[in-house]
Amino acid sequence: MTKKRNTFGEDELLDQEFNATQLKKLLKYLFAYSKEVGLALVVILISAVANLVTPLLLRYVIDDFIPNHNISGLIIASLGFIGIIIISTISMKYRIRFMSRLGQNVIRDIRHDLFAHIQTLPFTFFDSRPHGKILVRVVNYVNALSEVLSNGFINLIVDIFSFAMALIIMLTMSLPLTFTVLAFVPFAFAGITYVKNKQRKSMQEVSAKQSNMNAYIHESISGIKVTQSFTREDVNLKVFEELMDDYQDKWMESRRYIALIFPIVKNISIMSQGTMLVVALVLLKGQITAGVVVASLAYIGNFWMPLINISEFYNQLVSASAYLERIFETIDIKAEITNTKDAYDLPEVKGQITFDHVTFGYEKDHVILNDFCLDVQAGETIAFVGPTGAGKTTVVNLISRFYDVNTGAIRIDGHDIRDVTLHSLRGQLGIMMQDTFIFSGTIIDNIRYGRLDASDEEVIAAAKTVKAHDFIMDMAEDYHTEVNERGTRLSTGQRQLLSFARALLKDPKVLILDEATSSIDTQTEKAIQEGLDLLLTGRTSFVIAHRLSTIKKANRIIVINNKGIEEMGTHDELMENKGHYYELYQAQVKFLQEVG
Amino acid sequence: MFKTFKAMKSYIQPYKKLYISSALMTLVFALLAIVDPYLVGQIIDHVLTDQDTTFVIMGSLIIMGVTIFRTMLRYGYFVTFEKFSQKVVYDLRKDLYVKLQSLDFSYFDKTPNGQIMSKMTGDIEAIRHFFAWITHVTIFHSVVFIIAIIAMFMINPVLASTLILIVPFITFFSIRLSKSVKPIFAEIREQFSKLNTVVQENISGNKLVKALAREPYEIEKFQKENEAYKEKNMDAAKVWEDNLPALDAFAVLFNVVVLFVGSILILKGKMTIGELVAFNRLLWMINNPLRMLGWMINGTQNFVASFDRVKELLDEKSDLIEHKESIAHTHLKGYVRFEKVSFHYEDLPVLEDVSFEVNPGQTVGLLGSTGSGKSTLISLISRFYEATSGQILIDGEPIESYDIYTLRNNISIAMQDIFLFSDTIEGNIAYGVPDASRIKVRLAAEIAGVNEFIHQFDDNYDTIVGERGVGLSGGQRQRIALARAIIEDPAILILDDTTSAVDMETEYKILTELKKINENRTTFIIAHRISSVKDADIILVMDEGRIIERGTHTSLLEEQGYYYDVFTQQMGEFDVETREGA
Chain A
0 MTKKRNTFGE
10 DELLDQEFNA
20 TQLKKLLKYL
30 FAYSKEVGLA
40 LVVILISAVA
50 NLVTPLLLRY
60 VIDDFIPNHN
70 ISGLIIASLG
80 FIGIIIISTI
90 SMKYRIRFMS
100 RLGQNVIRDI
110 RHDLFAHIQT
120 LPFTFFDSRP
130 HGKILVRVVN
140 YVNALSEVLS
150 NGFINLIVDI
160 FSFAMALIIM
170 LTMSLPLTFT
180 VLAFVPFAFA
190 GITYVKNKQR
200 KSMQEVSAKQ
210 SNMNAYIHES
220 ISGIKVTQSF
230 TREDVNLKVF
240 EELMDDYQDK
250 WMESRRYIAL
260 IFPIVKNISI
270 MSQGTMLVVA
280 LVLLKGQITA
290 GVVVASLAYI
300 GNFWMPLINI
310 SEFYNQLVSA
320 SAYLERIFET
330 IDIKAEITNT
340 KDAYDLPEVK
350 GQITFDHVTF
360 GYEKDHVILN
370 DFCLDVQAGE
380 TIAFVGPTGA
390 GKTTVVNLIS
400 RFYDVNTGAI
410 RIDGHDIRDV
420 TLHSLRGQLG
430 IMMQDTFIFS
440 GTIIDNIRYG
450 RLDASDEEVI
460 AAAKTVKAHD
470 FIMDMAEDYH
480 TEVNERGTRL
490 STGQRQLLSF
500 ARALLKDPKV
510 LILDEATSSI
520 DTQTEKAIQE
530 GLDLLLTGRT
540 SFVIAHRLST
550 IKKANRIIVI
560 NNKGIEEMGT
570 HDELMENKGH
580 YYELYQAQVK
590 FLQEVG
Chain B
0 MFKTFKAMKS
10 YIQPYKKLYI
20 SSALMTLVFA
30 LLAIVDPYLV
40 GQIIDHVLTD
50 QDTTFVIMGS
60 LIIMGVTIFR
70 TMLRYGYFVT
80 FEKFSQKVVY
90 DLRKDLYVKL
100 QSLDFSYFDK
110 TPNGQIMSKM
120 TGDIEAIRHF
130 FAWITHVTIF
140 HSVVFIIAII
150 AMFMINPVLA
160 STLILIVPFI
170 TFFSIRLSKS
180 VKPIFAEIRE
190 QFSKLNTVVQ
200 ENISGNKLVK
210 ALAREPYEIE
220 KFQKENEAYK
230 EKNMDAAKVW
240 EDNLPALDAF
250 AVLFNVVVLF
260 VGSILILKGK
270 MTIGELVAFN
280 RLLWMINNPL
290 RMLGWMINGT
300 QNFVASFDRV
310 KELLDEKSDL
320 IEHKESIAHT
330 HLKGYVRFEK
340 VSFHYEDLPV
350 LEDVSFEVNP
360 GQTVGLLGST
370 GSGKSTLISL
380 ISRFYEATSG
390 QILIDGEPIE
400 SYDIYTLRNN
410 ISIAMQDIFL
420 FSDTIEGNIA
430 YGVPDASRIK
440 VRLAAEIAGV
450 NEFIHQFDDN
460 YDTIVGERGV
470 GLSGGQRQRI
480 ALARAIIEDP
490 AILILDDTTS
500 AVDMETEYKI
510 LTELKKINEN
520 RTTFIIAHRI
530 SSVKDADIIL
540 VMDEGRIIER
550 GTHTSLLEEQ
560 GYYYDVFTQQ
570 MGEFDVETRE
580 GA
C-alpha cells in the first residue's frame, strides 16, 4: 500500500508517458485486423484514382467537345462521370464498413484486455483509488480512441499518399517552385511541434481533471444516502463545481491549442502560395510558362491539404494519447499475485492446512502477524477471536492468497499455495465476507453466483437451509425479484442470508466465515445453525465471529492478539485457563446480566 | 428534435451573447470563404492573358490578408463555441447533480450506479459535441451552400435551377438516415449504460469476485455486453453504409448535370464557356455541404438520443413534496411520535400500524427479525421514504411541515450499510460538519472508539480510506460511521445496527460513553444483541412490520415473549457454559 492515496481531489500521477512502445502496442491491436486495414486502403485508393479522372473529363468537354459540337462525346463523358460516381459510391460504402469494423473491433479488444487484466489485480488496486476512476478508464477512455482508430490511421495513410503524389507532380513540373513551397514546410512543422508539446501537457491535465470529476460523481451517487442524511448537498455541490471548473479550465486551455493548428498551417500555406507566385512571375520571369504556374497553383492545394489533415490527425493522436497512456498504464500494472510459471492445479482438497512461520504486514512498518504457526487437521473448525484489527481477517486473506506472506509458507494438503493456480485454490474455498455484495439481477441469479451450473431446485434448497426462502417468497416476484447493488428492499441481514446461501451452494472444501452473520437476528441465526452445522461437518472451516454460539462449537478457538496466537484450545480448556478468552467471556456475561 | 431544442432553451438562453457572436464569426468566415478561390481564379486569368505581375502580387497580398483575418475568425469561433458548449454542459451537469442529490431513496434503490454514470459521462459528451462542433459545422456549410446558390443563379438561372433535380433524392436519403439512425443511437446509449453497469459492479464487487474465483464468468459477462456494444455501433455503421454514400453520390451527380446541361446550353448559345467554368468553380460549395449533411444529421440525432436520456433524469420527480410554509432553522428537541404509521413498498406492506412515542433524552431500542421493518421505520423519520398512511410528529408537528434540511440536520444516522468516502478518516468523521475543529473530531472519535485502532495506521487520522471504506474491517468502519453521526450533535441520534461487528467489550465501552452525551437527545438503537438494547427506556420488538412487544428490559422479560426468547437464547450461550465451566 502506498502512503499517498488517490482521491477525487488528487490528480493521478502518470507513471509512463505515451511512447514508441505504447504506439507499437496500439498498432498490434490494429494489425490483428490487417485484412480490414488492407481492404479499406484498396477501396480508398480506388475512389481516389477515380476522382483524379474527373478534371480530365472536364478538360475534354470544354476544350474539345463543346467547340466541336461533339454531342456523343458529351454523352460519353457524362456517362463516364456517372460511372466514376458509382465506383466512388460503392467504395465509400465498403470504406465505411471496413473502417467501422476495424475501429469497433479494436476498441472491443482493448476494452476486453483492460477488463480482463483488472480481474487479476489485487485488492489494493481497488482499495487505493476511487472506483469512478477505474470505471472511466474501462468505459469512457476506450471510447475516446474510437475516432483515432477508425478513421484516423487510414486517413493518415491516404494523406501521406496524396501528399507524396502532389510533391512528385510538382517536382516534375518545376524544381525551383517546388523548393520555394517546401521551404515553408519547416515553419509549419515548428508550429505544429510547438502546439503539440503544449497540447500534450494540457491534455494530460484534462484527463486527470476529468478523472477527478467523474470519480466525484461516482462517489456522490454511491454515497447519496449518507449525503442526504447528513444534509451535505450544498457542500458537495460546491466541491463538484470546483472540480467542474478545474476541468473546464484545462479543457478550454487544450482546445485553444487545438484551435491554433489550422491558423498556423493555413497561413503558412497561403504565404507559400504567394511567395511561389512572386518567384514564378517576378524573379523567374519568362523562365516559367503560364501553364506551369496555373498547374502549380492547383497542386499547391493538393500539397498543403494533406499536411493540414496530417497535423490535425497528429493532434488527435496527441489528445487520445492522454487516454491511451492511462489505458496502457493500467494494463501494465503487474498483478502482484499471479500463478507461477509452473503452477499446477491444486488437487481436490482434503483440508489439512499449515501455517509455517508466517510473517505478514500490509504495510512494511506494520507487521500484523509475526512468526505465526498453526496446523489445522482436515475437518477441523477453527474459530478466531480477538480485538478488531488484530489480524483475524488477515489470516483469512492469506489462506485465500489475496495477499502473499512476507516470509514463511502456507500449505494446503502439503501444497504451498503459491505453487498452485489461483483459480484452483480459490475455487475450492468458500469465503463469506463481511461485505456482502449483490449484483443487479434477480435473487435467484445472485445466489447462483456461488455455483453457476446449479439448478433452480438446488438454489432454492440452499435458500431454505439459510432460512432465506420465506422472505424471498414474500417478495413481489419471489426468486425472480430484481435487486441491485444497493439491494433494493433487502435489509443487511437479508443480504447476509443471500450471500450465505451463495457460499453454501458452492459446496466448498474449505469454508471461511468472516463475520458472516453479524446482522442476522438471533432467532434466524439459531434456525440456520442446524444448516450451518451440517455445512461445517467434514470440512475444514475458519470462523470469525463475535457471537459465542458459533465460536463455542469450534474444535479449537484461537485468540489472536499482539501479532500472533495468544491462546489456543477448546472452549472448556480456555475457560479453565482463565486467560484472555475467559475474561472476554465473563465480560460478555456481565454486560448481558447487568441491568442499567 | 424540436422538442429537444425547446427543452434545451433554458440552457442556451443565458449564453445568447456567446452563441450569437460565435455564430456571426462563423458566418463571416464562411462568407469570406469565397474570396480565396475567386481571387485565385482572377490571378490565373491574369497570368494566362497578360502576365500582369502587379495584379498577381496585389492579389496574393489580399489573399494573405484575408486568410489571416479568416484564420483569426476561425480561431475565434472555434474557441467561442467550445466555451459556449462548456457553459451549457456545465449547467446541465450541475442540474443533474443537484437533481441526483434531491432524489429520494426509492430512485436509487432501483437505478444501478452504472446507469447514472453513463448519463453523467457518455450522454453529456454527446451533448457537448453537438454544441461545440455540429453547431458551427452546420452554420458554415449552410452559409456556403446559400452563397453558392445565389451566385449560381446570378451566373445562369437556367443551369442553377437544375439543382432542383437532386433535391428530392437528397431529402429522401436525409430523412431516411435521420429516421433510421435515431433509434440506433438510443440503443447504443442504452447498451453503453449496460456496459457501464457491468464494469461498475465488477469493480465494486471485486472482493466477492475474487473470493468465489469468478473472474472467468465476470469476463464472459462483460464480454457479452462489450460485444453487444460493438454490434450496436456496427448497426449504426450499417445505416451509414446505406445512406451516406447515396447522399454523397447525389451531391456529385449534380456536377454531371451541370456539365451535361451546361454544355447543351452552350451549344444552343444560351451560355458562355466562361460561365460554365465559373459555375464549375462553385460546385465544391454545393458538394461539400451536402456531403457533410449526413454527419450533421448523425451528430444531431446522437445529441437528441443522449438528451432524451439526460432529460429522463432531470424530469425524475422526488416523492418528497415540500410544503411551502415549512418550518426552518429550528433546533428540535427530539420529541418523536408515530401515529398509526404504515408504509408499503410498491404493493408490499413493510410497516403496519406502528404507533409509539418518545421523549427527548430517552433511548428507544429496536429489536426484531431480519427484514421486520426496523430500518424502514427509522428511514421514515428522516423522510427518506414517505409513510403510506398515518402520521409522524416531531416536537408536536408533522414532519412534513419542516423544511427537509432542517429536519435532517437535526437527525443523525449511523447506517447499517456503511459508506465511507475516499477521504481521510478525519474527513469522513467530519462529513456532516466540514468545518468541525480537530478537537471536536477527536472527541467524537474517542466516544465512538475510533481512537482504539487509529494507531494501526501510519497516518492516523490523516489515513485515506477507500470508497466504501475498503481496507478497514467491519468493526472499524462502524466506529467511524458512529463518530460521523455523533459529531453532528443532533437532537435525534439513530444507530442502525452500528455495533454488530464490534466486539462486546468495545460495544459496552461505546454505549457507556454514548449514554453520557445523550442526556438530552432522543436515541434509537437497532440491534440484535440484547446487550445493545437492554438499557433503553423503551424497547420495541418488531415482527413483519408490526410492533409485537413493547416495554423495558425487565417488563419484557416478565412478558416471556419474543424478547424473552432472544434473551434466554443469548444468555443460554453463556448459562450452559458457565455452569459446565465453573
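Chains as they are written, first to last, in numbering that gives the first Met the number 0: chain A, 0 to 595; chain B, 0 to 581. Yeah, the Cβ is synthetic: ideal placement off N, Cα and C, and Gly gets one too. Keep in mind the model is a prediction, meaning the values are calculated, not measured.
Item to check | One or two residues paired with G568 of chain A in a DSSP bridge | outcome: One-based indexing of the first sequence puts residue 568 of chain A at position 569. Answer by DSSP bridge pairing, in chain order: A:I556.
Item to check | Min CB distance W283 of chain B to chain A below 8 Å | outcome: Your numbering for residue 283 of chain B matches position 284 in the second sequence. Chain A, which has no Cβ nearer than 8 Å to the Cβ of W283 of chain B, makes this no.
Checklist entry - CA-CA distance, S354 of chain B and L392 of chain B? => result On the second sequence, residue 354 of chain B is found 355 positions in, with the first residue counted as 1. On the second sequence, residue 392 of chain B is found 393 positions in, with the first residue counted as 1. Roughly 11 Å separates the two Cα atoms.
Next on the checklist: What would DSSP say about H365 of chain A, mapped onto helix, strand or coil?
Outcome noted: Against the first sequence, residue 365 of chain A aligns to sequence position 366. In the structure shown, H365 of chain A sits in a strand (DSSP, three-state: E or B).
Checklist entry - Between I272 of chain B and V194 of chain A, what straight-line distance do the alpha-carbon atoms span, to the nearest angstrom? => result Position 273 of the second sequence, counted from the first residue, corresponds to residue 272 of chain B. Position 195 of the first sequence, counted from the first residue, corresponds to residue 194 of chain A. Going by the C-alpha atoms only, they are around 46 Å apart.
Next on the checklist: Please list the terminal residues of the continuous alpha helix (DSSP H) segment that includes F355 of chain B.
Outcome noted: Residue numbering aside, residue 355 of chain B sits at position 356 when the second sequence is read from its first letter. Not the alpha helix (DSSP H): F355 of chain B falls in the beta strand (DSSP E), residues L347 to V357.
Next on the checklist: Quick check on DSSP: helix, strand or coil for T522 of chain B?
Outcome noted: Numbered from 1 along the second sequence, position 523 holds the residue referred to as residue 522 of chain B. Residue state, collapsed to three classes: strand.
Checklist entry - Apart from the five residues on each side of it in sequence, which residues of its chain come closer than 7 Å, Cβ to Cβ, to A304 of chain B? => result Mapped onto the second sequence, residue 304 of chain B falls at position 305. Only K181, F184, A185 and R188 meet the Cβ criterion.
Item to check | M63 of chain B versus B:V432, B:L38, B:Y74 and B:S388, residue with shortest Cα-Cα distance | outcome: For the purposes of this step, residue 63 of chain B is taken as residue 64 along the second sequence, with counting starting at 1. The residue with the shortest Cα to Cα distance from M63 of chain B is B:L38.
Item to check | Bridge-paired residues (DSSP) for L510 of chain A | outcome: Indexing the first sequence from 1 puts residue 510 of chain A at position 511. Per DSSP, A:G429 and A:S540.
Next on the checklist: I need the straight-line Cα distance from R578 of chain B to T549 of chain A, nearest angstrom please.
Outcome noted: As a position in the second sequence, residue 578 of chain B is number 579, starting the count at 1. As a position in the first sequence, residue 549 of chain A is number 550, starting the count at 1. Confidence at R578 of chain B is low in this model, with a pLDDT of 38, below 50, so its placement is unreliable and no value can be given for it.
Checklist entry - Name the chain B residues whose beta carbon is nearer than 7 Å to that of V348 of chain A? => result Counting from one through the first sequence, the residue named residue 348 of chain A turns up at place 349. In chain order: nothing, as chain B lies at least about 13 Å away.
Checklist entry - Going by DSSP, what residues sit across from A390 of chain B in a beta bridge? => result Position 391 of the second sequence, counted from the start, is the residue given in the question as residue 390 of chain B. The question names Ala, yet the displayed sequence has Gln at residue 390 of chain B. BP columns for Q390 of chain B point to B:E338.
Item to check | Pick from B:G560, B:S388, B:I163 and B:G58 that is closest to L366 of chain B, judged by C-alpha positions | outcome: Within the second sequence, numbered from 1, the residue matching residue 366 of chain B stands at position 367. Comparing Cα positions, the closest option is B:G560.
Checklist entry - If you count every other CB in all the chains shown that lies within 10 Å of the CB of S518 of chain A, and 16 or more means buried, which is it? => result Here residue 518 of chain A refers to the residue found at position 519 of the first sequence. When all chains shown are included, S518 of chain A counts as buried.
Item to check | Given V225 of chain A as reference, the closest of B:P489, B:G426, B:I412 and B:V440 once Cα atoms are compared | outcome: Position 226 of the first sequence, counting from 1, holds the residue named residue 225 of chain A. Selected option, being the one with the closest Cα: B:I412.
Checklist entry - Beta-carbon of Y344 of chain B versus every beta-carbon of chain A: anything under 8 Å? => result The residue given as residue 344 of chain B occupies position 345 in the second sequence. Answer yes: the Cβ-Cβ gap between Y344 of chain B and chain A drops below 8 Å somewhere.
Checklist entry - Would you call the segment 328–337 of chain B and the segment 482–490 of chain B in contact, with 3 or more CB pairs under 8 Å? => result yes
Next on the checklist: Along the chain, where does the alpha helix (DSSP H) containing M212 of chain A start, and where does it finish?
Outcome noted: For this step, residue 212 of chain A is matched to residue 213 along the first sequence. First-last of the alpha helix (DSSP H) with M212 of chain A: V184 to S221.
Checklist entry - Roughly how many whole angstroms lie between the Cα atoms of K339 of chain B and N408 of chain B? => result In the second sequence, the residue the question calls residue 339 of chain B occupies position 340. In the second sequence, the residue the question calls residue 408 of chain B occupies position 409. Distance between the alpha carbons of K339 of chain B and N408 of chain B: 25 Å.
Checklist entry - Residues bridged to F354 of chain A by DSSP? => result Within the first sequence, the letter at position 355 stands for residue 354 of chain A. Answer by DSSP bridge pairing, in chain order: A:L373 and A:I409.
Next on the checklist: Please report the straight-line C-alpha distance between L166 of chain A and M304 of chain A, rounded to a whole angstrom.
Outcome noted: Translated into positions along the first sequence, residue 166 of chain A becomes position 167. Translated into positions along the first sequence, residue 304 of chain A becomes position 305. Looking at the two C-alpha atoms, the distance is approximately 12 Å.
Next on the checklist: So, with DSSP's three-state summary, where would you put L401 of chain B?
Outcome noted: For this step, residue 401 of chain B is matched to residue 402 along the second sequence. Reading the sequence as shown, one finds Tyr at residue 401 of chain B and not Leu. Y401 of chain B: strand per DSSP, three-state reduction.
Checklist entry - On the three-pair Cβ rule with 8 Å, is the segment 401–408 of chain A touching the segment 350–359 of chain A? => result yes
Checklist entry - chain B partners of G222 of chain A, CB-CB under 7 Å? => result Counting from one through the first sequence, the residue named residue 222 of chain A turns up at place 223. F418 and F420, listed in chain order.
Checklist entry - Is S177 of chain B near the ligand SAM, judged by its Cβ being under 7 Å from some heavy atom? => result What this structure holds is no ligand at all, so the ligand SAM is not there to describe.
Checklist entry - In angstroms, rounded to a whole number, what distance separates the CA positions of D564 of chain B and I557 of chain A? => result Here residue 564 of chain B corresponds to residue number 565 of the second sequence, with the count starting at 1. Here residue 557 of chain A corresponds to residue number 558 of the first sequence, with the count starting at 1. D564 of chain B and I557 of chain A: Cα-Cα distance of roughly 30 Å.
Checklist entry - What does L23 of chain B reach in chain A if we use C-beta pairs closer than 8 Å? => result Looking up residue 23 of chain B in the second sequence gives position 24. Within chain A, no residue comes near L23 of chain B; the closest Cβ sits about 17 Å away, beyond 8 Å.
Item to check | Contact belief for Q198 of chain A with Y246 of chain A at Cβ below 8 Å, rounded distance in angstroms | outcome: The residue you call residue 198 of chain A lines up with position 199 of the first sequence. The residue you call residue 246 of chain A lines up with position 247 of the first sequence. Q198 of chain A to Y246 of chain A, Cβ: 16 Å. No contact.
Next on the checklist: Which runs of the beta strand (DSSP E) at least 3 residues long sit entirely within the segment 448–525 of chain B? Give them in chain order.
Outcome noted: 491–495 and 521–525
Checklist entry - Would you say D247 of chain B and M243 of chain A are within 8 Å of each other, going by their C-beta atoms? => result By one-based count along the second sequence, residue 247 of chain B stands at place 248. By one-based count along the first sequence, residue 243 of chain A stands at place 244. It is not a contact, given that the beta carbons lie outside the stated cut-off.
Next on the checklist: Is F499 of chain A close to chain B? Criterion is C-beta to C-beta, closer than 8 Å.
Outcome noted: Taking the first residue of the first sequence as 1, we reach residue 499 of chain A at position 500. No, no contact with chain B.
Item to check | Own chain residues within Cβ distance below 7 Å of Q427 of chain A, not counting five before or after | outcome: Walking along the first sequence from the start, residue 427 of chain A turns up at place 428. Once the five neighbours on either side are set aside, the close Cβ partners of Q427 of chain A are L345, V348, P507, K508 and V509.
Checklist entry - Using CA coordinates, which residue listed in A:T88, A:Y140, A:I381 and A:S318 is at the minimum distance from M567 of chain A? => result Looking up residue 567 of chain A in the first sequence gives position 568. The candidate whose alpha carbon is nearest that of M567 of chain A is A:I381.
Item to check | Cβ-based contacts, 8 Å cut-off: residues of the segment 293–325 of chain A near chain B | outcome: V293 and L296
Item to check | Of the residues B:T299, B:L282 and B:R213, the one placed nearest H135 of chain B, counting alpha carbons only | outcome: Locating residue 135 of chain B in the second sequence gives position 136, counting from the first residue. With distances taken between Cα atoms, H135 of chain B lies closest to B:T299.
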